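See structure below.
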Amino acid sequence: MAPLTDLLSCSIIEKDSNGDILWTWSYPIVSESQKAVVGRKCNLEVEHNSPQVFVFSRHKYDWFYIHCSEVFDSDKLPKVKQFALVLFAKDFNPRKYEVLSRVLSKMYCKTGKPTEILQLYLSVFTKGSCSTQENGTFVSDNFNSHCFTNNTNVREMIKTFELETILIYTALLLKKRIVVYHHSLEQLLKWIGIFPALMKHRKVTDNLFPWIDLIDDELAELKGLSHYIAGCRNSSISSRTDLFDLLVNIPAREITVASHAKESLTMTKTHKEIALFMIQLSENQSYIESQIISEINDKTQDLLNQLKSLAVVQGPDGRKMVSTQTLKEKNLPSAVENFLINLAVAENLFLL
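The numbering of the sequence shown is UniProt numbering, which starts it at 1 and goes up by one.
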C-alpha cells in the first residue's frame, strides 16, 4: 500500500457545553488563514442547528475536509457538545477523506485522546492505511482519485437542464468562469462534484471551488484566475456578473449566460448535435454512469481531433498550432470560427 503523503494536517475543534469554540489540537501545524476559512465553514457556532456532518472546500492550493460530530453522554468527552475533525490535503477526493475523517472521529469519541488520532494519522501518512477494532478501517488505495463515476450523476444533470446542458459543457470546454448556486449546502456539494466528469481529458479539479462565501479573501482568490467552477449558497451571487460567465441555478433549473460571454458561448450546429446526443444518452436506461461519461468524452475527443487537424502552422516551440489565417481560409460560419478560436485558446493551440 502506498503512503498517503497528500495528507497535510489534522485538527480538532471543540464546542463545549458553554458554547465556546476552541481549536484544541492540530498536527503538525495549521496557519491562521486556514483557521479563518475553516472557522467559517464548520458552522459550530450555529445554535440549535446541527451542522452538516461532512463538508469540503479548498483554500488556496489545498483541500480541506470537515467532519462534524455530536457528542453523547457515553462518549469520553466530558463538557464537549460537538467537535469538528479537520483534514487538510493536497488532493480532491471527498469520498476518501469522508471515510478517513469518520474513522478518526469515532476514535476520538471513544477515547477523547488526540494521541490516538495522531497514531492513526501517522499510520495513514506512512502506510496508506489504519485499522481500529471497533471504529472501522481505512485503506487509501481503495479510493481512485480519477474515478468520478461512483459519486457523480451526469444523467441527472442532463435530465435537469435538458438541451441547455450544452451550455455547461461548452463553458467547461472553453475554460469559462462558472458559478453554481444552491441554497442547500448538501445539494451544492453533490452537484459541484458532477462537473469534472464532463471533462475527463482535463484536471478540472485544479480550478474547482466547491463552496465559496462572498468574502473578500475568497473572492480575491477567484479573481486571480481566468477560469473556475465555484459553488455558492448566497442567492445574491446572481447579480455578481463580474464573477461569472455562466451561472447555473440548480433549484430553479436555470442557466444564465452573462452578457459579456454570449458571443463566445454562441451555439453552432455542432453544439446542437452534441446537446441532442447527451439527451439520448440520458434516456438510454441501459447505459450506466461510467458509459455516459465515456461517450461524452469520446465526443470531446472528436472535437479536439477536428481542431488538431487545423493545426498546421508551426509555433515557436515547434508544436503545430491553429492560426487565424488557417481558419479564414476554411470560410467557416463566423460562429463556428469563433468557437474554434476559443477552443484552440483553451487547449493552448492558438498561435497569436
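Just so it is clear, CB atoms sit at the ideal spot from N, CA and C, and this is done for glycine as well.
Quick caveat: nothing in here was measured; it's all calculated off a predicted structure.
Nearest-angstrom Cα separation, counted from residue j out to residue i
i                : j                : result
asparagine 43    : leucine 265      : 38 angstroms
tyrosine 108     : isoleucine 117   : 7 angstroms
serine 351       : isoleucine 229   : Note on residue identity: the sequence assigns leucine, not serine, to residue 351. Those two C-alpha atoms are separated by around 27 angstroms.
isoleucine 237   : leucine 307      : 35 angstroms
tryptophan 191   : threonine 152    : 8 angstroms
isoleucine 12    : lysine 96        : 19 angstroms
lysine 66        : threonine 241    : Correcting the residue type first, residue 66 is isoleucine in the shown sequence and not lysine. Straight-line Cα distance between these residues: approximately 30 angstroms.
leucine 214      : valine 179       : 12 angstroms
glutamate 273    : leucine 303      : 12 angstroms
lysine 200       : leucine 343      : 16 angstroms
threonine 5      : threonine 115    : 20 angstroms
threonine 324    : leucine 174      : 17 angstroms
threonine 149    : glutamate 162    : With a pLDDT of 46 at threonine 149, under the threshold of 50, the predicted position of this residue should be treated as unreliable, though the coordinate-derived value follows. In a straight line, the C-alpha of threonine 149 is about 20 angstroms away from that of glutamate 162.
leucine 247      : threonine 256    : 5 angstroms
glutamine 34     : alanine 346      : 32 angstroms
valine 30        : phenylalanine 64 : 11 angstroms
alanine 311      : methionine 321   : 4 angstroms
serine 334       : serine 259       : 19 angstroms
histidine 182    : cysteine 68      : 21 angstroms
histidine 48     : asparagine 305   : Note that histidine 48 scores 47 on pLDDT, short of 50, meaning its location in the model is unreliable and no value can be drawn from it.
glutamine 285    : threonine 137    : 35 angstroms
leucine 188      : proline 94       : 14 angstroms
glutamine 133    : lysine 203       : 37 angstroms
phenylalanine 72 : histidine 271    : 55 angstroms
tyrosine 121     : cysteine 130     : 8 angstroms
aspartate 217    : lysine 223       : 10 angstroms
aspartate 317    : leucine 327      : 21 angstroms
residue 358      : threonine 24     : In the structure as shown, the chain begins at 1 and stops at 352. Residue 358 is therefore absent and cannot be evaluated.
Beta bridge counterpart(s) of residue i as assigned by DSSP
i                 : result
aspartate 16      : Val80
glutamate 70      : Gln82
histidine 59      : Asp62
serine 131        : Thr137
valine 154        : In DSSP, valine 154 forms no bridge with anything.
valine 313        : Met321
serine 11         : Ser26, Val86
phenylalanine 350 : Val322
phenylalanine 54  : His67
Reference residue i, options the options, closest by Cα
i                 : options                        : result
threonine 268     : Gln314, Phe125, Asn338         : Asn338
alanine 275       : Cys232, Glu289, Tyr287, Lys299 : Lys299
valine 154        : Leu340, Tyr169, Glu70          : Tyr169
glutamate 263     : Lys60, Arg319, Val336          : Val336
isoleucine 293    : Asn305, Gln285, Met278         : Met278
valine 139        : Ser101, Val55, Leu172          : Ser101
isoleucine 212    : Ser235, Asp75, Pro196          : Ser235
serine 309        : Leu340, Lys60, Phe54           : Leu340
threonine 126     : Pro3, Glu295, Pro94, Gln314    : Pro3
phenylalanine 244 : Arg177, Ile288, Gly193, His271 : Arg177
residue 395       : Gln119, Asn135, Asn249         : Residue numbering for the chain in the displayed model covers 1 to 352; residue 395 lies beyond these limits and cannot be assessed.
glutamate 254     : Leu167, Asn93, Leu219, Gln280  : Leu167
methionine 1      : Asn142, Val103, Ala261         : Asn142
cysteine 232      : Pro251, Gly128, Asp317, Gly224 : Pro251
lysine 90         : Lys328, Asp75, Gly315, Tyr61   : Tyr61
aspartate 75      : Arg58, Pro94, Lys113           : Lys113
leucine 172       : Tyr287, Leu7, Ile194           : Ile194
arginine 319      : Asn348, Leu281, Phe92, Ser226  : Asn348
serine 184        : Thr24, Glu329, Gln52           : Gln52
glutamate 186     : Pro316, Leu7, Ser57            : Ser57
valine 103        : Thr24, Asp20, Cys10, Gln314    : Cys10
leucine 8         : Asp20, Ser26, Lys106, Asn249   : Ser26
glutamate 70      : Phe92, Lys110, Glu32           : Lys110
glutamate 289     : His227, Leu198, Leu225         : Leu198
Alpha helix (DSSP H) segment containing residue i, residue limits
i                 : result
proline 114       : 114-127
asparagine 305    : 289-309
phenylalanine 277 : 269-283
proline 94        : 94-111
isoleucine 212    : No alpha helix (DSSP H) contains isoleucine 212, which is instead part of the beta strand (DSSP E) from 208-212.
glutamine 187     : 185-192
leucine 32        : The sequence shown places glutamate at residue 32, rather than the leucine named in the question. Note, glutamate 32: alpha helix (DSSP H), 32-42.
valine 345        : 334-346
alanine 220       : 216-223
N-terminal and C-terminal residue of the beta strand (DSSP E) that residue i is part of
i              : result
glutamate 162  : First-last for glutamate 162: undefined, no H or E at that position.
asparagine 249 : 246-249
glycine 231    : 228-232
valine 179     : 177-181
isoleucine 255 : 254-257
leucine 22     : 21-27
**Study point:** Segment contact flag, the segment 76-95 with the segment 28-42, C-beta cutoff 8 angstroms, min 3 pairs
**Key:** yes
Practice item. Kindly confirm or deny that the segment 204-224 and the segment 154-166 touch, where touching means at least three C-beta pairs closer than 8 angstroms. Key: They do not touch, by the three-pair rule.
Point to revise | Three-pair Cβ contact test at 8 angstroms for the segment 12-28 versus the segment 68-81 | key: yes
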